[in-house]
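These protein sequence lines are chains Z and E, in that order. In this text, residue positions in the first sequence follow the UniProt record's numbering: the first is 1, and each later residue adds one. In this text, residue positions in the second sequence follow the UniProt record's numbering: the first is 1, and each later residue adds one. For glycine and all other residues, C-beta sits at the position ideal for the given N, C-alpha and C. Quantities reported herein were computed from a predicted structural model and do not represent experimental measurements. Let me begin by presenting the structure, written as structure tokens, before commenting on it.
Protein chains: 2
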Amino acid sequence: MIWRMATVTETKKSRVSEAKVRPGGQGARMRDVAHAAGVSLMTVSRALREPQKLSEETRKAVLDAVQKIGYVPNSVAANLASNRSTVVGQIVPSIQNSLYADTVKGTADVLRTAGMHLLIADSGYSMQEEEALIGAFLSQRVGGLILHNTDHTPKALQMIERAGVPVIETGDVPRDPIDMVVSYSNADAAKAMTLHLASRGFKRIGFVSLDTRTNRRARERQRGYLAGLKSLGRAKDPLLMMEVPGGLTSGSHAMVDMMQRAPDVDAIFFAGDVLAIGALFEAQRRGWKVPGRIAIAGFDDLDILQHTVPRLTCLRLPRLEIGRRSAEALLGRMRGDDAPVLLDLGFEVIQREST
Amino acid sequence: MIWRMATVTETKKSRVSEAKVRPGGQGARMRDVAHAAGVSLMTVSRALREPQKLSEETRKAVLDAVQKIGYVPNSVAANLASNRSTVVGQIVPSIQNSLYADTVKGTADVLRTAGMHLLIADSGYSMQEEEALIGAFLSQRVGGLILHNTDHTPKALQMIERAGVPVIETGDVPRDPIDMVVSYSNADAAKAMTLHLASRGFKRIGFVSLDTRTNRRARERQRGYLAGLKSLGRAKDPLLMMEVPGGLTSGSHAMVDMMQRAPDVDAIFFAGDVLAIGALFEAQRRGWKVPGRIAIAGFDDLDILQHTVPRLTCLRLPRLEIGRRSAEALLGRMRGDDAPVLLDLGFEVIQREST
DNA sequence: CTGTTAGCGCATTCAA
DNA sequence: TTGAATGCGCTAACAG
């Protein structure tokens, strides 16, 4: 049963639109504050940015005037005049994915404490879109870029180089970084999980990932899985490998398909988003024992994984920390530290009941 | 068992830092393009913004020069000169919460097609923080604001009024809007769910929400629940009402507590975030039948709710649509439409197996 | 259709 | 410690 409610109202009443006399929006400027405080424009500018360089008397007079007038500085003009920016741009594959939200949160928190702000966009997993966004961000003269991606178009690379802004790449450890890197290694993590599953006694370990052709992170994870098999002395088996779209439904189908194609599979490592959760729910629906009938491991430690029945084995990646460290590295650069940073923040294998 | 890997490397190698001759970052300016194309500065400006006003010949010459030089316009200067902005600011309670991510996504998508961008911040559910962020956004001279909140500090209201920027409030339908509203009614939605549960035959319907003292949306939902009871001719029972923090664990505790305090409760309506999912998992762990032993309903239609066993009854709110419509209303205002908008986008009650 | 003049609001640099 | 001159890179308004 579905109830529905929706109404649309057009009204003429609104506080702002009635109060808005001068369209375009503005307010007091610095000179207005200067007049009110009986000082020069420069003194106001200083009172706001380097208050310690003024006598206590004038400083107070200026700040009082600022309060009284309700002056809000124009940081666009400040940016233009000083050639410095208080904004950093971050591009993630998808805003809706809570994994990236963690990274964004870490970045935003650190930037805020430094009085800076974050311009966010999502590329929809597309390099072309990323290129367009990088152009837009550079046009806004952001002070730095954080890219959750390590593949870029030639034009994007060229724009970044010409702009000379500091850049952080996250999401993987690239061979040839643009500038700074704050990340973990997808290949190392996938290999570690593969070895872990083997150590738990599983003989036929399946691997399900997103499309490795278009997604480097998926490709690296697959590489790690195969490296794990190799170091175990096991052969690669196409029946045990699948590439599927993201999503809960996709995970459930992948599990069922693989168990049909390779009935002796005893564990499946889902190296993408929420695939493992979808598979677990499917097992619940079918009454399959996890790990008795099939063991399930995931890649990211989503909050929910430790609440399901059974709880899910997975990797834990330092998403929030990546965001924080990225922001810190960027701030360092803007302050003039010129030591490029390559941070591999590592990962953990979290063993739970599902394996 | 936990594996761990983490390495930290400081290196001096980096493409950009070596290529970066002129620190501070810049590139070609418009006059460089003008020289290269043999035209005036204004012609370049027009070629980029109103190409149809130029002869095909000059336009091509300019755009070729732009390509060749790799010119990236400085929209900070453009903004200052034109007193227009290509950026909109959005403040949500939490970036990490995927509910808000949907709204953000809708906003960002619509803005992008209009060549605009989104500055995002989270207030951490605090009005004070919201005030600070509004100040920062206005300082950046954003062209509009989208606030997922309907309670604001007096100073915030004052700043907004003085700036004269268009504002959208989302997240509830306020009695006294600042400007435009694009939302749904929390009270109506909660009442509808309460009546729905009664129509399914449940006699003792519990209500669990977030803190109603600090969170207006929680307060409105509680009001809707009580209105529902009243129209059913049922009395308010404190034993059937709880306020708890957010989170899966919190939901599971709430369910257990309420069933201990009021053993005859036959359905619980969880009006916050992921509480219902936490409760369902707890029921699975304890082997309680849902809805046999206890029925469970949630508020937001998270993707996962239709995959759990059993699937969860909930409300469906038009999060993405709220983002889209907000952006559209804002764009309309910037273009000069001055009809304030009050949109109630409604909701649906989704009946599934858990009730 | 194209160019010229003026100035957006602030910070830098110098002088007082 | 404070102030005056100059310009950041671009667009509006006008002239040609």
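Item	Value
For Z:H117, the residue or residues it bridges with in DSSP	Z:V87
Near-chain Z residues of the UniProt domain "HTH lacI-type" (28–82) of chain E - C-beta to any C-beta below 7 Å	G70, V72, P73, N74, S75, V76, A77, N79 and L80
Cβ-Cβ separation, Z:M159 to E:G70 (assumed contact under 8 Å), whole Å	7 Å
E:D32 (DSSP reduced to helix, strand or coil)	helix
Proximity of E:I268 and E:T308 at Cβ, strictly below 8 Å	no
Min CB distance Z:V244 to chain E below 8 Å	no
For E:A295, the residue or residues it bridges with in DSSP	E:A267
Of the residues Z:V274, Z:Q90 and Z:S75, the one placed nearest Z:N83, counting alpha carbons only	Z:S75
Pair within 8 Å by beta-carbon distance, E:R325 and E:L345	yes
Segment contact flag, the stretch 161–170 of chain E with the stretch 221–229 of chain E, C-beta cutoff 8 Å, min 3 pairs	no
Z:G206: first and last residue of the uninterrupted beta strand (DSSP E) it sits in	I205 to S209
Where Z:L315 sits in the DSSP three-state scheme	strand
Contact set between E:R162 and chain Z, taken where Cβ atoms lie within less than 7 Å	G27 and G70
Beta-carbon neighbours of E:F270, restricted to chain Z and to distances below 7 Å	Here the premise fails: no neighbours, minimum Cβ distance about 14 Å.
Cut-off 8 Å between Cβ atoms - residues of its own chain near E:D32, not counting five sequence neighbours on either side	I69 and Y71
Paired residues, beta bridge with Z:D337 - DSSP	Beta-bridge pairing links Z:D337 to no other residue.
Z:V167 - containing beta strand (DSSP E), residue span	V167 to E169
Candidates E:T58, E:R29, E:D264 and E:A279: closest to E:S209 by CA position	E:A279
Straight-line gap, E:N186 to Z:M241 (C-alpha atoms, nearest Å)	46 Å
Amino acids of chain E, ordered along the chain, whose beta-carbon sits closer than 7 Å to that of Z:V309	F281, Q284 and R285
Chain-order list of residues whose beta-carbon lies under 7 Å from that of Z:A163 (same chain, five-residue window excluded)	L138
Integer-rounded CB distance, given that Z:G89 should sit under 8 Å from residue 384 of chain Z	Residue coverage of chain Z in this structure runs from 1 to 355, which leaves residue 384 of chain Z outside it and unanswerable.
Span separating the alpha-carbon of Z:F202 from that of Z:L229	12 Å
8 Å Cβ cutoff met for Z:A271 and Z:S354	no
Completely contained alpha helix (DSSP H) runs for the stretch 183–269 of chain E, where each covers 4 or more residues	186–199, 216–231 and 248–261
Unbroken alpha helix (DSSP H) run spanning E:G287, endpoints	Counting along the chain, E:G287 falls outside any alpha helix (DSSP H), and DSSP gives it neither H nor E.
Counterpart residues of E:V181 in DSSP-defined beta bridges	E:E169 and E:L342
For E:V92, the residue or residues it bridges with in DSSP	E:D122
Closest residue to Z:I95 among Z:V182, Z:A65 and Z:I120 (Cα-Cα distance)	Z:I120
Three-way DSSP call (helix, strand, coil) for E:E18 in this model	Note that E:E18 scores a pLDDT of 32, beneath 50, so its modelled location is shaky; the value from the coordinates is reported in the next line. Helix, per DSSP.
Helix, strand or coil at E:L145 according to DSSP, with G and I counted as helix	strand
Inter-residue spacing [alpha-carbon to alpha-carbon] between E:P154 and Z:E56	29 Å
Member of E:R46, E:N79 and E:G298 whose CA lies at the smallest distance from the CA of E:L63	E:R46
E:V104 in three-state terms, based on DSSP	helix
CB of E:G251 within 8 Å of CB of E:L275, strictly	yes
Buried versus exposed, by CB contacts within 10 Å (16 or more), E:D337	exposed
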